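Colleague:
There are 2 protein chains.
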Amino acid sequence: METSKRPGGRSARVRDAVRRATLAELSEHGMRGLTVENVAERSGVHKTTVYRRWGSVEGLIADALEMAQEEPWPIPDTGTIEEDLRGVARLVQSGFDDPELGPVSSAFVAAAMQSPEAARALHDFFEARHEQSAQVVRRAVDRGELPVTVDVREVIRVAVAPIYYRLFVAHEPVTERDADRAADAALAAARAGVL
Amino acid sequence: METSKRPGGRSARVRDAVRRATLAELSEHGMRGLTVENVAERSGVHKTTVYRRWGSVEGLIADALEMAQEEPWPIPDTGTIEEDLRGVARLVQSGFDDPELGPVSSAFVAAAMQSPEAARALHDFFEARHEQSAQVVRRAVDRGELPVTVDVREVIRVAVAPIYYRLFVAHEPVTERDADRAADAALAAARAGVL
DNA sequence: CTCCAATCGCAACTGACGTAGCTTTAGCTT
DNA sequence: AAGCTAAAGCTACGTCAGTTGCGATTGGAG
Chain A
5 METSKRPGGR SARVRDAVRR ATLAELSEHG MRGLTVENVA ERSGVHKTTV
55 YRRWGSVEGL IADALEMAQE EPWPIPDTGT IEEDLRGVAR LVQSGFDDPE
105 LGPVSSAFVA AAMQSPEAAR ALHDFFEARH EQSAQVVRRA VDRGELPVTV
155 DVREVIRVAV APIYYRLFVA HEPVTERDAD RAADAALAAA RAGVL
Chain B
5 METSKRPGGR SARVRDAVRR ATLAELSEHG MRGLTVENVA ERSGVHKTTV
55 YRRWGSVEGL IADALEMAQE EPWPIPDTGT IEEDLRGVAR LVQSGFDDPE
105 LGPVSSAFVA AAMQSPEAAR ALHDFFEARH EQSAQVVRRA VDRGELPVTV
155 DVREVIRVAV APIYYRLFVA HEPVTERDAD RAADAALAAA RAGVL
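Listed in order, the protein sequences are those of chains A and B.
Going by this note's numbering, the first residue of the first sequence is number 5, and it counts up by one from there.
Going by this note's numbering, the first residue of the second sequence is number 5, and it counts up by one from there.
(1) Assuming contact is defined by CB atoms lying nearer than 7 Å, are residue 162 of chain A and residue 132 of chain A in contact in what I supplied?
(2) At the level of alpha carbons, what is the spacing between residue 63 of chain B and residue 146 of chain A?
(3) Let's see if you can read the secondary structure: which residues bound the alpha helix (DSSP H) around residue 39 of chain A?
(4) When the cut-off is 7 Å and only beta carbons count, does residue 71 of chain B lie next to chain A?
(5) Between the segment 99-121 of chain B and chain A, which residues of the former have a C-beta closer than 7 Å to a C-beta of the latter?
(6) Just the C-alpha distance for residue 142 of chain B and residue 170 of chain B, rounded to the nearest angstrom, thanks.
(7) Out of curiosity, what's the CA-to-CA distance linking residue 127 of chain B and residue 176 of chain A?
(8) For residue 115 of chain B versus residue 160 of chain B, is the C-beta distance shorter than 7 Å?
(9) Got a sec, what are the start and stop residues for the alpha helix (DSSP H) residue 117 of chain A sits in?
(10) Chain B partners of residue 88 of chain A, CB-CB under 8 Å?
(11) Would residue 154 of chain B pass as an interface residue toward chain A - the criterion being a Cβ-Cβ separation below 7 Å?
(12) Taking residue 174 of chain B as part of the alpha helix (DSSP H), name the residues at either end of that continuous run.
(13) Is there contact between the segment 78-94 of chain B and the segment 90-106 of chain A, where contact requires at least three CB pairs shorter than 8 Å?
(14) Can you check whether the CB of residue 173 of chain B is closer than 7 Å to the CB of residue 168 of chain A?
(15) Using a threshold of 7 Å, state whether the C-beta atoms of residue 22 of chain B and residue 49 of chain B are closer than that.
(16) Please work out which residues of its chain come closer than 7 Å, Cβ to Cβ, to residue 104 of chain B, disregarding the five sequence neighbours upstream and downstream, and give them in chain order.
(17) How about residue 130 of chain B and residue 69 of chain B: do their beta carbons lie closer than 7 Å?
(18) Please say whether residue 25 of chain A and residue 40 of chain A have beta carbons closer to each other than 7 Å?
(19) Comparing C-alpha positions only, which one of A:166, A:149, A:199, A:198 sits nearest to residue 84 of chain A?
(20) List the residues of chain B whose Cβ lies closer than 7 Å to the Cβ of residue 174 of chain A, in chain order.
(21) Tell me which residues of the segment 50-79 of chain B have at least one Cβ-Cβ distance to chain A shorter than 8 Å, keeping chain order.
(22) For residue 197 of chain A and residue 187 of chain A, I'd like the C-alpha separation in whole angstroms.
(23) Quick one: residues in its chain with C-beta nearer than 8 Å to the C-beta of residue 155 of chain B, no 5 flanking neighbours on either side, listed in chain order?
(24) Under 7 Å Cβ to Cβ from residue 71 of chain B, same chain only, skipping five residues before and after it: list those, please.
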């Protein structure tokens with residue numbers, strides 16, 4: 005995964021091919037249908053090689069996650085904290101709704117529940133996401149819309165948590181309205197000074 | 005399973021033995037270490053029998069979940085909504101912290117992400133839990149502490165969601181203080197009229 | 001250009017999961 | 001109390017994820 009002694013040429017090609025195949029398989033069949041053999045065949049890389057370098061399905065996912073972490077995401081900046089927070093919540097909701105990204109993201113969450121390796125990777129991923137998203141809260145504090153004592157990351161957590169809760173724990177459908185409501189709730193709590 | 009044509013005697017014994025073994029295995033090795041063969045051996049029931057009646061690991065878990073649903077849980081009734089809501093949140097947090105129940109509960113959540121069968125079972129489980137927990141909110145409404153327009157179940161969701169989010173999505177540790185804060189946030193939102 | 005070590009490909013193997021066909025046990029009926 | 005039949009036990013087998021050992025490539029250092 006990280007800096008090997010031989011970063012160029014074939015190894016790099018193999019790595020890219022496998023990563024690409026992993027994402028493709030993930031988006032087509034989700035976590036359940038993801039197998040090392042399928043990824044190997046699709047990528048044209050031999051099964052043994054995948055096992056050696058990634059170890060297992062979890063390893064493949066952890067690697068894909070680190071890749072995903074690089075990509076920044078379009079944090080809204082509408083000028084008001086109401087709309088910004090709602091925007092963040094909707095971004096999460098629509099992401100899982102998307103037929104392309106949804107299965108991949110879900111697979112990440114599912115994998116992290118089974119493998120400590122993927123769990124760490126997902127933790128880091130959310131660490132980064134929270135940091136980016138918290139920006140909208142910081143701006144609100146700067147504008148005087150929220151008290152300076154507010155825990156900016158916690159506001160984000162509370163704003164998105166109900167969406168994930170519905171999706172992955174209670175297994176209830178999530179609408180755009182649900183996302184808005186979660187954002188509004190977090191904002192109300194922040195204004196009340198409990199976050 | 006449902007009412008078979010032969011509910012008494014051996015069948016019932018087998019069922020209980022398997023259920024017991026499932027829970028034991030689950031609490032020892034979690035979802036990852038749960039296999040039909042281990043459950044079969046531990047319960048003293050033959051492997052093929054387990055396959056016939058439960059079909060797979062997911063079936064075992066779905067069955068165990070339906071059992072767990074029966075057990076009521078000690079909803080607090082302190083007289084104030086602040087303490088009651090915190091009590092519910094703490095119940096969730098401490099449940100996962102418990103070395104006995106924690107792995108089992110986690111396994112349920114993990115299993116539901118992989119099997120539609122377990123997902124449905126978990127959905128029903130939370131449906132019931134929400135219904136029970138919402139009682140504390142209803143009492144608060146009756147006492148006039150919250151507006152009558154409040155969505156009692158949503159208050160519960162928002163109160164517990166951050167705990168699950170930390171545990172299963174962001175993979176961050178959860179303290180009692182985190183639970184309290186989540187409950188407080190939900191209450192603030194409810195009072196502000198956004199729930 | 002040459003060599004050497006890292007990496008990959010290959011094929012055979014291991015073991016666990018799950019299935020199929022049949023026999024045996026035990027609950028229920030009369 | 002005897003027989004009928006659902007349900008459990010048992011053996012053997014097929015399949016497939018994952019491993020191992022070895023030979024073939026390939027990239028980079030000198």
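The beta-carbon is built from N, C-alpha and C at its ideal position, and this holds for glycine as well.
Everything numeric in this text was worked out from a predicted model, so none of it was measured.
Modeller: Let me spell this out:
(1) no
(2) Each residue's alpha carbon lies about 53 Å from the other.
(3) Unbroken run through residue 39 of chain A: none, as it is neither H nor E.
(4) no
(5) 113, 114, 116, 117, 118
(6) 27 Å
(7) 7 Å
(8) With contacts defined by Cβ atoms closer than 7 Å, residue 115 of chain B and residue 160 of chain B do not form a contacting pair.
(9) Segment: none, residue 117 of chain A is in no alpha helix (DSSP H) and carries neither H nor E.
(10) Neighbours of residue 88 of chain A on chain B: none; closest Cβ ~16 Å, over 8 Å.
(11) no
(12) Careful: residue 174 of chain B lies outside any alpha helix (DSSP H) and carries neither H nor E.
(13) no
(14) Taking 7 Å as the Cβ cut-off, residue 168 of chain A and residue 173 of chain B qualify as a contacting pair.
(15) yes
(16) 31
(17) no
(18) No, the pair does not count as a contact, with Cβ atoms beyond the cut-off.
(19) A:149
(20) Correct list: 127, 130.
(21) none
(22) 16 Å
(23) So the list reads 199, once near-sequence residues are dropped.
(24) 23
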